[in-house]
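The numbering of the sequence shown is the working numbering, which starts it at 670 and goes up by one.
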Amino acid sequence: MHFRILPEMASTFAEEHDPLFWYITAVTVIMTIVIFVGVAGFALKYRRRHPAERPALIHGSMKLEIFWSAVPLFVFLSMFAWGAKVYFDYFTVDPNAIDIYVVAKQWMWKIQYPEGQAEINELHVPVGRPVRLTMASEDVIHSFYVPAFRVKRDVVPGHYNTMSFTPTKKGRYHLFCAEYCGTQHSGMIGWVTVMEPAEYENWLQGGGGMGSMSSQGEKMFQQLGCSTCHLMDEQGRCPILRNVYGNAVRLDDGRTVIADESYLRESILNPNAKIVDGFRRDVMPTFEGQVSEESLMQLIAYIKSLSKKPTGTIGAGQTGRVVGQGRFGDRGTPGNANAGTTGTGSVGSTPVTERGSAQK
Ligand code: CUA
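Here is the structure:
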């Protein structure tokens, strides 16, 4: 493999990021040269030539002071302005982005697709389409890092972080954990496969013996008894969940919040944290410790599917294109879906194959 300073560029964000990186590098290199050559040059030019020499008295130069204050100010502010633009672009999510769910744990990446596929240490995405990852951690802080896309985001327990990117080139790219998370941190690696959209659609058709995430979420919604209080069409003891996702919710303390993934997650684990206006506290029990992060994501996918507003998710709200049992990914090894279940023992946790193990 030939030498390169930066990894391959494979996302729209990489194309935006690299010019800024080179600009900052160039400015710092040029500034360093100017300062060091200046120091050396003046030290030589104004050196003491004989022991009795006294330098001429200087009272300063306003012009010079303004020049060397204003010029660097504008140069450094240009980094700020450019950097701010890139930063906002990084955190602006395309509303049509494909949703994919990531759960990190010591020491693997578990990926779930709304259509029902699940894999470990492998992420499949189509080329040219914005992708949004919703990421949770089961234990400690990890960090999802794809150098070829120039994206990295911490994955923090107790909270969702999201990250988005648009791949621009077909291929296989490294995925790393970029936050020291224990003994096997260095082995917490995997691959991102960027495919042609048609190829990707084909790949999606092929898996998910468990049904789509929202249908698995719906099953859990029944099993956990949520459906006895959250009725579908009439007011029960708890709010109707139809059209909640993505909309504003009025709370009993007068605040209004947007019902996003983090709000739904909090409401499941800590129902008293935010009470919807007109409802009572302590009606809903906590589900902390009863639902795994993956199951939570399925429940949320189900609640999202109840929202009329298109959430931009491929297949959200559909009850899955389920073909057979256990063909995961492009290798097509039928019947291995049951190899190596995650064994979290939680309601509705998805069996995932061990393909793409960390040793690769
Ligand atoms: Cu996970 Cu380092």
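Cβ coordinates follow ideal geometry from the N, Cα and C atoms, glycine included. All values derive from a computational prediction rather than experimental measurement.
Self-check item: For residue 915, the three-state DSSP class (helix, strand or coil)
Solution: Within the sequence shown, residue 915 is the residue found at index 246, counting from 1. Residue state, collapsed to three classes: coil.
Exercise. Verify the contact flag: residue 737, CB atom, against every heavy atom of the ligand CUA, threshold strictly below 7 Å.
Key: Along the sequence shown, read from residue 1 onward, the residue named residue 737 stands at position 68. Result no, Cβ not under 7 Å from the ligand CUA.
Quiz item: Based on the DSSP output, what are the partners of residue 792 in its beta bridges?
Solution: Position 123 of the sequence shown, counted from the first residue, corresponds to residue 792. DSSP output for residue 792 lists 861 as bridge partner(s).
Exercise. Would you kindly work out how many angstroms separate the C-alpha atoms of residue 924 and residue 938, rounded to a whole number?
Key: For the purposes of this step, residue 924 is taken as the residue at position 255 of the sequence shown. For the purposes of this step, residue 938 is taken as the residue at position 269 of the sequence shown. Going by the C-alpha atoms only, they are around 20 Å apart.
Quiz item: Which residues bound the beta strand (DSSP E) around residue 958?
Solution: Looking up residue 958 in the sequence shown gives position 289. Residue 958 -> no beta strand (DSSP E), and no H or E assigned at all.
Quiz item: How long is the line joining the alpha carbons of residue 1016 and residue 820, rounded to whole angstroms?
Solution: Here the question's residue 1016 lines up with position 347 in the sequence shown. Here the question's residue 820 lines up with position 151 in the sequence shown. Only weak support is given to the placement of residue 1016: the predicted model assigns it a pLDDT of 37, under 50, and the question is left unresolved by the model.
Quiz item: Once you ignore the five residues that flank residue 685 on each side, which residues in its own chain have a CB closer than 7 Å to its CB?
Solution: Within the sequence shown, the letter at position 16 stands for residue 685. Closer than 7 Å at the Cβ level, and outside the excluded window around residue 685, lie 755, 758.
Self-check item: Spatial distance of residue 858 from residue 838 (CA atoms)
Solution: If you number the sequence shown from 1, residue 858 lands on position 189. If you number the sequence shown from 1, residue 838 lands on position 169. Cα-Cα distance, rounded: 20 Å.
Quiz item: Closest by CA to residue 801, which one among 750, 928, 781?
Solution: Within the sequence shown, numbered from 1, the residue matching residue 801 stands at position 132. Residue 801 has its Cα closest to that of 781, out of 750, 928, 781.
Practice problem: Establish whether the CB of residue 861 and some CB of chain C are separated by less than 8 Å. | Solution: Of the protein chains in the structure, only one exists, and it is not chain C.
Quiz item: At a cut-off of 7 Å, is residue 807 close to the ligand CUA when judged by its beta-carbon and the heavy atoms of the ligand?
Solution: Against the sequence shown, residue 807 aligns to sequence position 138. Incorrect: residue 807 has no Cβ contact closer than 7 Å to the ligand CUA.
Quiz item: Are the Cβ atoms of residue 796 and residue 865 separated by less than 8 Å?
Solution: As a first step, residue 796 is located in the sequence shown; it is residue number 127 there, counting from the start. As a first step, residue 865 is located in the sequence shown; it is residue number 196 there, counting from the start. Cβ atoms of residue 796 and residue 865: closer than 8 Å.
Self-check item: In DSSP terms, what residue 681 is bridged to
Solution: As a position in the sequence shown, residue 681 is number 12, starting the count at 1. Residue 681 is not bridged to any residue.
Quiz item: Is there contact between the stretch 692 to 712 and the stretch 841 to 855, where contact requires at least three CB pairs shorter than 8 Å?
Solution: Verdict: no, contact absent.
Quiz prompt | residue 920, DSSP secondary structure in three states | solution = Here residue 920 refers to the residue found at position 251 of the sequence shown. The answer is strand: DSSP assigns residue 920 an E or B state.
Quiz prompt | Bounding residues of the alpha helix (DSSP H) (the contiguous stretch that carries residue 896) | solution = One-based indexing of the sequence shown puts residue 896 at position 227. In the DSSP assignment, residue 896 falls within the unbroken alpha helix (DSSP H) covering 895 to 898.
Quiz item: DSSP on residue 699, reduced to helix/strand/coil?
Solution: For the purposes of this step, residue 699 is taken as the residue at position 30 of the sequence shown. The answer is helix: DSSP assigns residue 699 an H, G or I state.
Quiz item: So what's residue 925 in DSSP terms, helix, strand or just coil?
Solution: Looking up residue 925 in the sequence shown gives position 256. In the structure shown, residue 925 sits in a strand (DSSP, three-state: E or B).
Exercise. Put residue 947 into one of helix, strand or coil per three-state DSSP.
Key: To locate residue 947, count along the sequence shown from 1; it is residue 278. Here residue 947 sits in coil by DSSP.
Quiz item: What's the call for residue 908, buried or exposed, on a 16-neighbour Cβ count within 10 Å?
Solution: Here residue 908 refers to the residue found at position 239 of the sequence shown. So residue 908 ends up on the buried side.
Quiz item: When DSSP builds the beta bridges, which residues end up paired with residue 830?
Solution: Walking along the sequence shown from the start, residue 830 turns up at place 161. Beta-bridge pairing links residue 830 to 804.
Self-check item: Limits of the beta strand (DSSP E) - the one that residue 814 falls within
Solution: If you number the sequence shown from 1, residue 814 lands on position 145. Segment 811 to 815, the beta strand (DSSP E) holding residue 814.
Self-check item: Check whether residue 1041 and residue 798 have beta carbons under 8 Å apart
Solution: The requested residue 1041 does not occur in the structure, where the chain is confined to residues 670 to 1029.
Exercise. Indicate, with yes or no, if the ligand COA has a heavy atom lying under 7 Å from the CB of residue 832.
Key: This structure lacks the ligand COA; its bound ligands are the ligand CUA.
Practice problem: Whole angstroms is fine: what's the gap from residue 681's alpha carbon to residue 713's? | Solution: Within the sequence shown, residue 681 is the residue found at index 12, counting from 1. Within the sequence shown, residue 713 is the residue found at index 44, counting from 1. The alpha-carbon atoms of residue 681 and residue 713 are separated by roughly 49 Å.
Practice problem: Buried or exposed for residue 971, please, with buried defined as at least 16 other CB atoms from any protein chain shown within 10 angstroms of its CB. | Solution: Here residue 971 refers to the residue found at position 302 when the sequence shown is read from its first residue. Buried: at least 16 other Cβ atoms inside 10 Å.
Quiz prompt | Alpha carbon of residue 873 to alpha carbon of residue 912, nearest angstrom | solution = Residue 873 sits at position 204 when you count from the first residue of the sequence shown. Residue 912 sits at position 243 when you count from the first residue of the sequence shown. Answer to the nearest angstrom: the Cα atoms are 27 Å apart.
Quiz item: beta strand (DSSP E) containing residue 840: first to last residue?
Solution: Position 171 of the sequence shown holds residue 840. Start and end: 840 to 846.
Quiz prompt | Beta-bridge partners of residue 836, as assigned by DSSP | solution = The residue labelled residue 836 in the question sits at position 167 within the sequence shown. DSSP output for residue 836 lists 680 as bridge partner(s).
Quiz item: Does the beta-carbon distance from residue 696 to residue 777 come in below 8 Å?
Solution: As a working note, residue 696 is residue 27 in the sequence shown. As a working note, residue 777 is residue 108 in the sequence shown. Cβ distance not < 8 Å, so residue 696 and residue 777 don't count as in contact.
Quiz item: CB residue 889 to CB residue 975, shorter than 8 Å?
Solution: Along the sequence shown, one-based indexing puts residue 889 at 220. Along the sequence shown, one-based indexing puts residue 975 at 306. Going by beta carbons, residue 889 and residue 975 fall outside the 8 Å limit.
Quiz item: By Cβ distance, which residues of its chain are closer than 6 Å to residue 943, with the 5 residues on each side in sequence left out?
Solution: Here residue 943 corresponds to residue number 274 of the sequence shown, with the count starting at 1. The answer, listed in chain order, is 920.
Quiz item: On the three-state DSSP scale, how would you describe residue 901?
Solution: To locate residue 901, count along the sequence shown from 1; it is residue 232. Residue state, collapsed to three classes: coil.
Quiz prompt | Beta-bridge partners of residue 751, as assigned by DSSP | solution = Counted from its first residue, the sequence shown places residue 751 at position 82. Answer is none; residue 751 lacks a bridge partner.
Quiz item: So is residue 740 buried or exposed if we call it buried at 16+ other beta carbons inside 10 Å?
Solution: One-based indexing of the sequence shown puts residue 740 at position 71. So residue 740 ends up on the exposed side.
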